[in-house]
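Yeah, the sequence shown ends on 949 if you go by our numbering, and it's all consecutive.
From the three backbone atoms N, C-alpha and C, an ideal C-beta is built for every residue, glycine too.
As the structure is a computational prediction, the values presented were derived from the model and not from experiment.
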Amino acid sequence: MPGPEGHREVQYNWSAFLKPYAGKPTYTRMGLLNMYDAIEFGKPYPIRAAWFAFINFVNQCANNRRIIHNIIPKLDFIVATELFMTSTAQYADVVLPVCTFLEFTDLVDGPHPFIQLQQRVIPPLYEAKSDVQILGELASRLGFGEAFMSEEKFIELLLSSGHPSVAGISVDKLREGPVRIKPINQPAENEQLVEYLLAQIHEHR
């Protein structure tokens with residue numbers, strides 16, 4: 745919610761991930777509840793395999809009974825990247841071990857008005873890898889390795905949206921400590937936000 749210092753919505757550069765190859769067929773984001781219908785009924789298109797990361801799908805998402813009885817049985821192949829043998833991992837055909845938050849670099853924000861860098865403390869132990877490493881190695885084997893990069897380069901890409909809320913914020917700056925999100929409360933900034941959002945809507949049509 746907007747406060748006395750203005751609205752603090754953060755806009756990252758997600759289009760770089762949704763449209764990694766300009767002018768070529770790309771990918772579509774689907775809401776979680778829409779995914780239920782896609783798996784169970786094939787609408788708007790069928791989904792026969794699922795890759796679960798950063799989520800314990802079976803017991804963290806809505807309608808647990810439907811997931812267990814109607815969704816999971818319709819999937820031909822399930823991959824879960826997990827730190828523990830969760831209920832979702834127990835249904836997976838393949839479980840890939842991910843490392844703890846102490847072993848990879850990430851970007852952390854909200855609900856507070858700061859962005860901060862979760863910095864790796866130690867290298868990943870045993871055979872565990874971060875989700876970025878796992879997907880990067882899979883992409884290389886599928887011939888898309890050039891689309892993946894290190895965790896810090898991914899963060900730089902997210903911060904390159906051109907949106908006023910993240911202007912001037914970089915990985916190097918975040919290494920020094922949390923950075924306060926720039927409030928958008930002046931008329932000129934509001935106009936810039938509207939122009940940015942309209943451009944994003946036009947781009948994703």
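Going by DSSP, which residues form a beta bridge with residue i?
| i | result |
| --- | --- |
| V923 | I859 |
| K873 | V842 |
| I822 | A794 |
| L851 | L861 |
With distances taken from CA atoms, which of the options is nearest residue i?
| i | options | result |
| --- | --- | --- |
| Y780 | F798, Q755, T772, I812 | I812 |
| R919 | Y835, S905, I899 | I899 |
| V823 | V839, Q834, R810 | V839 |
| N808 | L903, S831, I859 | S831 |
| A797 | P788, I815, A806, L827 | L827 |
| Q834 | V802, L846, F848, A806 | V802 |
| S909 | I859, N800, L851 | I859 |
| Q877 | E847, L861, V865, P855 | E847 |
| L879 | M829, R810, P841, A782 | P841 |
| S874 | H907, L861, E895 | E895 |
From the DSSP output, in three-state form, read off residue i for me.
| i | result |
| --- | --- |
| F828 | coil |
| F796 | strand |
| V802 | helix |
| V754 | coil |
| G912 | coil |
| Y780 | helix |
| S904 | helix |
| R773 | coil |
| I812 | helix |
| F685 | An answer regarding residue 685 cannot be provided, because it is not within the stretch 745 to 949 covered by the chain. |
| I878 | helix |
| I899 | helix |
| K787 | coil |
| P817 | helix |
| Q836 | Checking the sequence shown, residue 836 turns out to be Ala, not Gln. In the structure shown, A836 sits in coil (DSSP, three-state: anything other than H, G, I, E or B). |
Classify residue i: buried if its beta carbon has 16 or more other beta carbons within 10 angstroms, exposed otherwise.
| i | result |
| --- | --- |
| K926 | buried |
| K917 | exposed |
| T844 | exposed |
| A793 | exposed |
| K897 | exposed |
| Y756 | buried |
| E890 | exposed |
| S884 | exposed |
| I866 | exposed |
| E939 | exposed |
Could you tell me the distance, in whole angstroms, from the CA atom of residue i to the CA atom of residue j?
| i | j | result |
| --- | --- | --- |
| M893 | Q863 | 17 Å |
| K818 | A943 | 38 Å |
| F821 | A836 | 8 Å |
| P857 | L902 | 17 Å |
| D853 | G786 | 35 Å |
| N778 | Q804 | 16 Å |
| W795 | T825 | 8 Å |
| S905 | G887 | 27 Å |
| I815 | E784 | 6 Å |
| R773 | P790 | 14 Å |
| V915 | P922 | 11 Å |
| A911 | D850 | 19 Å |
Quick check: does the Cβ of residue i come within less than 7 Å of any heavy atom belonging to the ligand FMN?
| i | result |
| --- | --- |
| R792 | The ligand content of the structure shown is nil, which means the ligand FMN is not present either. |
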